[in-house]
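Worksheet: one structure, shown below.
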Amino acid sequence: MAELGLIGGAKGRAGGLRRNGGARTLKRLARRFATSIVTLLAITLLVFVVLRTLPADPVAMLMPGNATEADMERVRALLGLDRSVLAQYAIWLGDALKGDFGRSIQHNTPVRVLIADALPVTLQIVTLSVGLGIFLGFSGGLLAFTWRGTPVEAGIEMGNGLAMAVPDFLWGIILILAVGVGLQWLPFIGLQSPSVTVPDITGFVLIDALLAGDPSAFLDVLRHLALPVFAIAMGLAPTVMRVFRSGLMEAYTEDYIASARLRGQSERQVLLRHGLKNAVIPTITLIGVQASMLFGGTLLIETIFGLPGIGAMMVTAIGGHDLPAIQALTFCYAVLVLATTIAVDVICLALDPRLRIKDQS
Amino acid sequence: MNSFVRRIEETDVTETVIGSRPQADGGTAQAPMLFEAADFSVRTGQTPILERVTLSIRKGEVLGIVGESGAGKSTLGKCIARALPRQFTTAGRLDVFGEDIGQMPASRHRALMGDRIAFVPQEPTSALNPVRRIGSLFGEHLTRLGVPKAEQQARMVAALSEVMLPDPEAVLNRYAFQLSGGMNQRIMIAMAFASRPDLVISDEATTALDMITQERTIVTLNDMRARYGCGVLFITHDLRLAGHFCDRVAVLRNGVVVEEGPAAQVLEAPQHPYSQGLKAATPRLDGPPHPLAAPSPKLRIPAQPAPIMAARGLAVRYGDPKSAGGQVEIMRDVDLQVEVAEFVGLIGRSGSGKSTIARILAGLQQPTEGDILLDGRVLGNSASDWQDRIASAQMVFQDPSSALNPRRRVWDIVTQAMVARGERLKSDRRRRAAELLADVGLDERLLDAYPRQMSGGQRQRVNIARALCVMPRLLIADEIVSGLDVSVQAQVIYLLLELRQRHDIALLMVSHDLSVLRQLCDRVVVMDQGAIVEAGPTQQVLDAPQHEATRALIAAAPPDDLSKTWPRGTEWDSNDKTPE
Numbered sequence: 150m151a152e153l154g155l156i157g158g159a160k161g162r163a164g165g166l167r168r169n170g171g172a173r174t175l176k177r178l179a180r181r182f183a184t185s186i187v188t189l190l191a192i193t194l195l196v197f198v199v200l201r202t203l204p205a206d207p208v209a210m211l212m213p214g215n216a217t218e219a220d221m222e223r224v225r226a227l228l229g230l231d232r233s234v235l236a237q238y239a240i241w242l243g244d245a246l247k248g249d250f251g252r253s254i255q256h257n258t259p260v261r262v263l264i265a266d267a268l269p270v271t272l273q274i275v276t277l278s279v280g281l282g283i284f285l286g287f288s289g290g291l292l293a294f295t296w297r298g299t300p301v302e303a304g305i306e307m308g309n310g311l312a313m314a315v316p317d318f319l320w321g322i323i324l325i326l327a328v329g330v331g332l333q334w335l336p337f338i339g340l341q342s343p344s345v346t347v348p349d350i351t352g353f354v355l356i357d358a359l360l361a362g363d364p365s366a367f368l369d370v371l372r373h374l375a376l377p378v379f380a381i382a383m384g385l386a387p388t389v390m391r392v393f394r395s396g397l398m399e400a401y402t403e404d405y406i407a408s409a410r411l412r413g414q415s416e417r418q419v420l421l422r423h424g425l426k427n428a429v430i431p432t433i434t435l436i437g438v439q440a441s442m443l444f445g446g447t448l449l450i451e452t453i454f455g456l457p458g459i460g461a462m463m464v465t466a467i468g469g470h471d472l473p474a475i476q477a478l479t480f481c482y483a484v485l486v487l488a489t490t491i492a493v494d495v496i497c498l499a500l501d502p503r504l505r506i507k508d509q510s
Numbered sequence: 099m100n101s102f103v104r105r106i107e108e109t110d111v112t113e114t115v116i117g118s119r120p121q122a123d124g125g126t127a128q129a130p131m132l133f134e135a136a137d138f139s140v141r142t143g144q145t146p147i148l149e150r151v152t153l154s155i156r157k158g159e160v161l162g163i164v165g166e167s168g169a170g171k172s173t174l175g176k177c178i179a180r181a182l183p184r185q186f187t188t189a190g191r192l193d194v195f196g197e198d199i200g201q202m203p204a205s206r207h208r209a210l211m212g213d214r215i216a217f218v219p220q221e222p223t224s225a226l227n228p229v230r231r232i233g234s235l236f237g238e239h240l241t242r243l244g245v246p247k248a249e250q251q252a253r254m255v256a257a258l259s260e261v262m263l264p265d266p267e268a269v270l271n272r273y274a275f276q277l278s279g280g281m282n283q284r285i286m287i288a289m290a291f292a293s294r295p296d297l298v299i300s301d302e303a304t305t306a307l308d309m310i311t312q313e314r315t316i317v318t319l320n321d322m323r324a325r326y327g328c329g330v331l332f333i334t335h336d337l338r339l340a341g342h343f344c345d346r347v348a349v350l351r352n353g354v355v356v357e358e359g360p361a362a363q364v365l366e367a368p369q370h371p372y373s374q375g376l377k378a379a380t381p382r383l384d385g386p387p388h389p390l391a392a393p394s395p396k397l398r399i400p401a402q403p404a405p406i407m408a409a410r411g412l413a414v415r416y417g418d419p420k421s422a423g424g425q426v427e428i429m430r431d432v433d434l435q436v437e438v439a440e441f442v443g444l445i446g447r448s449g450s451g452k453s454t455i456a457r458i459l460a461g462l463q464q465p466t467e468g469d470i471l472l473d474g475r476v477l478g479n480s481a482s483d484w485q486d487r488i489a490s491a492q493m494v495f496q497d498p499s500s501a502l503n504p505r506r507r508v509w510d511i512v513t514q515a516m517v518a519r520g521e522r523l524k525s526d527r528r529r530r531a532a533e534l535l536a537d538v539g540l541d542e543r544l545l546d547a548y549p550r551q552m553s554g555g556q557r558q559r560v561n562i563a564r565a566l567c568v569m570p571r572l573l574i575a576d577e578i579v580s581g582l583d584v585s586v587q588a589q590v591i592y593l594l595l596e597l598r599q600r601h602d603i604a605l606l607m608v609s610h611d612l613s614v615l616r617q618l619c620d621r622v623v624v625m626d627q628g629a630i631v632e633a634g635p636t637q638q639v640l641d642a643p644q645h646e647a648t649r650a651l652i653a654a655a656p657p658d659d660l661s662k663t664w665p666r667g668t669e670w671d672s673n674d675k676t677p678e
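Here the protein sequences come in this chain order: V and G. For reference, each letter of the first sequence is one residue, going 150 to 510 in our numbering. For reference, each letter of the second sequence is one residue, going 99 to 678 in our numbering.
So this is what it looks like as C-alpha cells:
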C-alpha cells in the first residue's frame with residue numbers, strides 16, 4: 150500500500166502533526182470512555198431505584214409461606230433491605246465492582262454464573278447478525294447504486310421498503326413458520342440438537358465446536374443459529390442499505406469524484422478508491438446508533454427461538470421478579486451498548502481523518 | 099502507460115524554452131493543433147448553451163474564454179471531459195488531437211483524461227478526497243500513469259518542488275483540509291502536469307483564491323506551460339487576468355463567440371459592442387474611477403424578432419356540457435405571444451383570467467381548447483416537450499415566503515433545476531448559485547442562508563434567481579412586485595430590466611399595478627371576462643385606451659395628481675365575479 154509506505158517515510162513537521170492528531174484522538178476517546186462510565190452508573194442507579202419501587206417484595210418471595218412477620222424483618226435486616234435505597238445501591242455497586250451480582254432469586258445460583266453461561270450465546274448471535282446485516286445492507290446498497298436509474302434499483306428499493314416495514318421479531322416468526330415449520334429446512338428451537346454435545350471451553354458454542362475438532366457439531370449449531378441470526382440481520386440490513394446508498398449518492402456529488410474521473414480513473418476505481426470509504430463513514434455511525442435496538446432485539450428473538458442467552462434470561466427474570474438478575478442484566482446490556490458505541494467511534498476515527506486532525510486552514 | 103514514458107523522453111529532448119513564453123504569432127502558427135471546435139453547438143431542449151462555436155488551440159498556446167455568468171464558458175471544458183448532463187445535445191465537431199471527442203470510445207477517452215488532457219479545477223480543496231492523504235492520491239495518479247511504486251515518492255517530491263511547495267515530504271503526508279486553498283491548487287497543478295499533458299483545461303482555477311495566491315498560481319501555471327509546452331484552455335470571468343495570461347481570448351455571450359483574437363487586441367481595443375461593454379464594466383486598478391457601464395442596452399434587440407411562446411385559441415371551461423348546469427366559461431379565444439426580449443404586461447380585473455393564462459403558459463394548467471406554441475411548434479404532452487418547455491419558460495411565483503422551501507439553503511433552492519437535469523456536483527451548483535445571486539444583485543454570503551433569514555426583497559430576488567437557473571428565455575411572473583415595498587419594488591423592476599439587457603430574457607408579467615407595467619413593459623394586453631379586449635404598445639394603451647374595461651381599470655387607479663378627486667364613488671357593477 151502506497152499509503153503505508155508514506156507513513157513510514159513521514160518525517161519532520163508531518164510527524165509532529167501526526168502525533169498531535171494522536172493526542173487529540175486519545176483525548177477524544179478518553180472523554181468518550183469517561184462519559185460512558187457516568188452513563189453506566191446513571192443507568193444502574195435508575196434501574197435500581199425503579200426496581201425497589203415495584204410492588205414486589207423479594208423477601209416474601211424468598212421466605213416460605215408460613216414465615217412470621219418477625220422472621221421477615223430479620224431476613225430483611227440480614228439482606229440489608231431495611232436500609233435506604235441509596236445505601237443499598239452503594240452495597241450493590243461495591244459488590245458488582247468485585248464481580249458479585251448477588252444470587253438469582255429464581256435459580257438460587259450466583260447471577261454471575263448464570264450470565265457467564267448466557268452471555269456468549271447472545272454475543273454469538275449479535276456478532277453474526279451484525280456481520281450478516283452489514284453484508285446484506287452493503288451489498289444491497291451497492292447493487293442499487295451501481296444500477297441506479299434502472300428497474301434493478303426500483304426492485305431493490307421496493308424489497309427494501311418491505312423489509313423495513315417488518316420488525317425483527319416478526320421476521321423470526323415468519324422464518325419459523327416458512328423455513329422451519331413449512332419447508333422444514335432448518336431447526337428453530339435451541340442452540341443445538343439434543344444428540345450433539347460440545348465441550349464447554351470458551352462458552353461460545355461455535356468456537357468450542359471448532360476447538361473440539363467437531364465439524365458436524367459446528368454445522369449443527371450453525372444451522373440452529375441461522376434463522377435467529379437472519380431475523381436480527383433483517384432488522385438491521387434495510388436501514389444500513391438505505392444510509393449506505395444515500396452516502397454513496399452524497400459522495401458522488403462531491404468534487405473529488407469528478408476530479409478522479411478527470412484523472413482518467415474508471416468508474417470502478419472511482420467507486421472503490423473514492424466513493425466507498427466516504428460513504429461507509431455515515432453508515433458505520435448509523436450502526437452505532439442502532440446498537441441499543443440491536444441488543445434489545447435479542448430479548449424477543451431469543452425467547453422466540455428458545456436460545457439460552459441473556460435476552461431470554463431477562464424475560465424470565467422480569468416474569469419472576471428476580472431483582473438481582475434484572476439488575477445485573479441491565480448492567481450487562483448497558484455495558485454492551487456503550488462498548489459498541491465506543492467501538493463504532495474508534496472505527497470512525499480510524500476511517501475519517503477529519504475527526505482525528507484539526508482543520509489547519 | 100507507455101505513452102507516459104514516451105512523452106517524458108519527448109519533453110526531455112524538446113525542452114528548450116524554459117521560462118520563456120511562446121509567442122502567439124509566428125512561433126505557434128505551425129505548431130500542431132491540440133483542440134479544435136468547429137461549428138460546435140450544445141443545447142438543452144430548445145435552449146442553446148453554445149451556438150456554432152469555432153475555436154482552436156495549438157501547442158504552446160493559451161486560449162482564454164471570457165464572458166458573464168451563464169454565457170456557456172464552462173460547457174466547453176465539460177464537453178471535453180464528456181461530463182455534460184444527460185439532457186444536453188451537441189452538434190458540430192469538437193476535436194482533441196485531431197479526433198472527435200464525441201465519437202471516440204469511452205475507453206479511448208478515459209485514456210486521454212488525466213494523461214494527455216489534464217484539468218485544474220476551481221475548488222482544489224474539495225477536488226481532493228478528504229479521507230486520503232495527498233501522497234496516496236498523487237501516488238494513485240502516478241500508478242495510473244505507469245510510474246512504478248518505487249519511483250513514486252521521488253517523483254511526487256520533485257513535482258511538488260516544481261510548483262514551489264515548501265516541504266513536499268510533509269505535504270504528501272497531509273490531508274487536503276490541512277492545507278490552504280493555494281497549496282491545494284498547486285498540488286492539483288503538480289498532479290495535472292505529472293503526465294506532461296498536451297492540453298490543460300483550467301476552469302476558473304484561481305477564482306476561489308486570494309490575489310496573492312492567484313498570482314502565484316498563475317506564475318506556476320505559466321512556468322509549467324512554458325516548461326512543457328502544452329496548450330491551455332483558460333476559462334475565466336476576469337478580463338484582466340485573461341489579458342495577462344492568455345495569448346488569445348474569445349468573448350462568449352449567451353453561447354455565441356462574439357469576438358476572438360489576440361488577447362491584447364480583444365481586451366484593449368474590443369471591436370464588438372458587447373466586448374466594449376464588458377471592458378467598460380470592468381473597474382480599473384489605476385487612474386481616476388471611471389463610470390462603470392454594463393454592456394450596451396441596444397444589444398437586447400435580437401437580429402430578428404421571433405416569438406418564443408404563443409397561445410393560440412385558448413379556451414377554458416369547467417363542468418360537463420351535458421349536465422344541467424352546463425359549462426362555465428372562464429376563457430375564450432385567447433391569442434397571445436411573447437417575443438424574444440419582449441416585456442408583456444397582462445392586466446385586467448380579478449377573475450378576468452390573467453392568472454389562468456400565466457398558469458397555462460407555464461404548463462401548470464391545461465386549457466380546454468387551444469394550443470401552446472414554443473418557437474412556433476405546438477407543444478404536446480410528451481416528456482421531451484415538457485423538458486423543452488421548462489428549459490425555455492419559468493414561472494416566478496407571487497409569494498416568495500411560501501414558494502421557497504424553508505428547510506433548504508439558498509444555494510440549494512436556486513439550483514434545484516440542475517439536480518433535475520442531472521447536474522448534481524455540489525461545486526458546480528454552488529458556483530451557479532453564486533452567479534445567480536450576482537445576477538439578482540445578492541451578496542454571495544447569502545449562499546448558505548435559509549429563506550427566513552432574509553428580507554422580503556431578498557427572498558423575491560432568490561425566487562427570481564431560482565427561475566433563472568436554467569437560463570430560460572421567458573419569465574412568467576404573477577404579481578411578483580405587488581407585495582413589496584416601493585423601494586424594493588423599484589429594485590426588482592430594475593433587476594428585470596438588467597436581466598433582459600444581459601440575457602435577452604422575455605417577460606410576461608401579470609399585474610394590476612398600471613404604473614409598474616408602464617415602467618416595465620413594451621406591450622400590454624388587457625383582459626376582461628376571459629377574453630382579450632385590447633392590446634398594444636404600453637404607452638398607447640394606457641394613454642388612449644379604446645375599450646371600456648381598459649378605461650375602467652385606468653380610471654380606478656389612484657391618480658398621481660393629488661388634486662384630482664379619488665375615489666370617484668362608483669358603484670359596484672353587476673358583473674363582478676369572484677376571483678378564480
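The beta carbon of each residue, even a glycine, is placed where N, CA and C say it ideally should be. As the structure is a computational prediction, the values presented were derived from the model and not from experiment.
The beta strand (DSSP E) spanning V/GLN237 covers which residue range?
Note, V/GLN237: premise wrong, no beta strand (DSSP E); alpha helix (DSSP H) at 234-246.
Pull up the distance between the alpha-carbon of V/LEU246 and that of V/THR258, whole angstroms please.
Distance between V/LEU246 and V/THR258, taken at the CA atoms: about 19 Å.
Cutting at 7 Å between CB atoms, please list the residues of its own chain near G/ILE428, excluding the five before and the five after it.
The residues are VAL414, ARG415, TYR416, GLY451, THR454, GLY628, GLU678.
May I ask you to list the residues that DSSP assigns as paired with V/PHE444?
Residue pairing by DSSP leaves V/PHE444 without any beta bridge partner.
Quick check: what's the CA-CA separation for V/LEU291 versus G/ALA129?
Taking C-alpha positions only, V/LEU291 is separated from G/ALA129 by approximately 48 Å.
Under 7 Å between the Cβ atoms of G/ALA531 and G/VAL512?
Yes.
Among G/GLN283, G/SER499, G/ARG527, whose alpha-carbon lies nearest the alpha-carbon of G/ASP546?
Residue G/ARG527 is the option with its Cα nearest to G/ASP546.
Let me see if you follow: with CB-CB separation under 7 Å, is G/ASN227 close to chain V or not?
Closer than 7 Å: yes.
Rounding to the nearest angstrom, what Cα-Cα distance links G/GLU260 and G/GLN250 in this structure?
A direct Cα-Cα distance of roughly 15 Å separates G/GLU260 from G/GLN250.
V/MET221, enclosing beta strand (DSSP E) - first and last residue
No beta strand (DSSP E) contains V/MET221, which is instead part of the alpha helix (DSSP H) from 218-228.
For V/LEU230 and V/MET398, I'd like the C-alpha separation in whole angstroms.
So the two alpha carbons sit approximately 59 Å from each other.
Distance between V/VAL328 and V/GLY321 (C-alpha atoms, nearest Å)
Cα to Cα, the separation comes out at about 10 Å.
Reduced DSSP secondary structure (H/G/I, E/B, other) of G/ASP431:
Strand.
In terms of DSSP beta bridges, what is G/PHE332 paired with?
Answer is G/GLY162, G/SER300, bridged to G/PHE332.
Residues of chain V with a CB under 8 Å from the CB of G/TYR273: which are they?
Within 8 Å of the CB of G/TYR273, the CB atoms of chain V belong to PRO502, ARG503, ILE506, in sequence order along the chain.
Between V/ALA236 and chain G, is any beta-carbon pair separated by less than 7 Å?
For V/ALA236, not one C-beta of chain G is nearer than 7 Å to its own C-beta.
Can you look up G/ALA181 in the DSSP assignment and give me helix, strand or coil?
Of the three classes helix, strand and coil, the one that applies to G/ALA181 here is coil, per DSSP.
Can you list, in chain order, the stretches of the alpha helix (DSSP H) that have 4 or more residues and sit fully within the region 337-367 of chain G?
Runs found: 337-343, 361-366.
Alpha carbon to alpha carbon, what distance is there between G/ALA575 and G/VAL631?
Here the C-alpha atom of G/VAL631 lies approximately 21 Å from the C-alpha atom of G/ALA575.
Per the contact definition of three or more C-beta pairs closer than 8 Å, is the region 408-426 of chain V in contact with the region 349-369 of chain V?
Counting C-beta pairs closer than 8 Å gives fewer than three between the region 349-369 of chain V and the region 408-426 of chain V, which falls short of the contact rule.
Please list, in chain order, the residues of the region 420-451 of chain G that have any C-beta partner in chain V closer than 9 Å.
For the region 420-451 of chain G, the set of positions with a beta-carbon nearer than 9 Å to some beta-carbon of chain V is empty.
What would DSSP say about G/ALA288, mapped onto helix, strand or coil?
Of the three classes helix, strand and coil, the one that applies to G/ALA288 here is helix, per DSSP.
My assumption, with CB atoms under 8 Å, is that G/PHE343 sits in contact with G/ILE316. Please give the rounded CB distance.
Between G/ILE316 and G/PHE343 the Cβ distance is about 6 Å, and since that is below 8 Å, they are a contact.
Taking only beta-carbon positions, decide if V/ARG297 is within less than 7 Å of chain G.
It does not; no Cβ of chain G falls within 7 Å.
I'd like to confirm the pairing. Which residues does DSSP put opposite G/LEU606 in its beta bridges?
Paired residues: G/VAL442, G/ILE574.
Using CA coordinates, which residue listed in G/ARG214, G/GLY196, G/ARG230, G/VAL218 is at the minimum distance from G/VAL269?
The candidate whose alpha carbon is nearest that of G/VAL269 is G/ARG230.
Secondary structure of G/GLN312, DSSP reduced to three states
It is helical.
Say whether chain G places a C-beta atom closer than 7 Å to the C-beta of V/ALA407.
Yes, its Cβ sits closer than 7 Å to a Cβ of chain G.
Just mark G/LYS662 as buried or exposed, buried being the case when its beta carbon has 16 or more other beta carbons within 10 Å.
Around the C-beta of G/LYS662, fewer than 16 other C-beta atoms lie within 10 Å, and the residue is accordingly described as exposed.
At 3 residues or longer, and completely inside the region 339-424 of chain V: list those beta strand (DSSP E) runs for me, N to C.
Within the region 339-424 of chain V, no run of beta strand (DSSP E) reaches 3 residues while sitting entirely inside it.
Other residues of its chain near G/GLY125: CB distance less than 8 Å, five sequence neighbours each side excluded:
Residue placement at G/GLY125 is poorly supported in this model, since its pLDDT is 46, which falls under 50; the coordinates are not used for a value here.
V/THR276 burial status per 10 Å Cβ neighbour count (16 or more: buried):
By the beta-carbon neighbour count (other beta carbons within 10 angstroms, threshold 16), V/THR276 is exposed.
Once the 5 residues before and after G/ALA401 are set aside, which same chain residues still bring their CB inside 6 Å of it?
Unreliable positioning characterises G/ALA401 in this predicted model, as indicated by a pLDDT of 45, which lies under 50. The coordinate reading is nonetheless provided below. In the same chain as G/ALA401, and ignoring 5 residues on each side of it, no C-beta atom comes closer than 6 Å to its own.
Can you confirm whether G/ARG522, when its beta carbon is compared against all beta carbons of chain V, has any partner nearer than 7 Å?
It does: the Cβ of G/ARG522 has a partner Cβ on chain V nearer than 7 Å.
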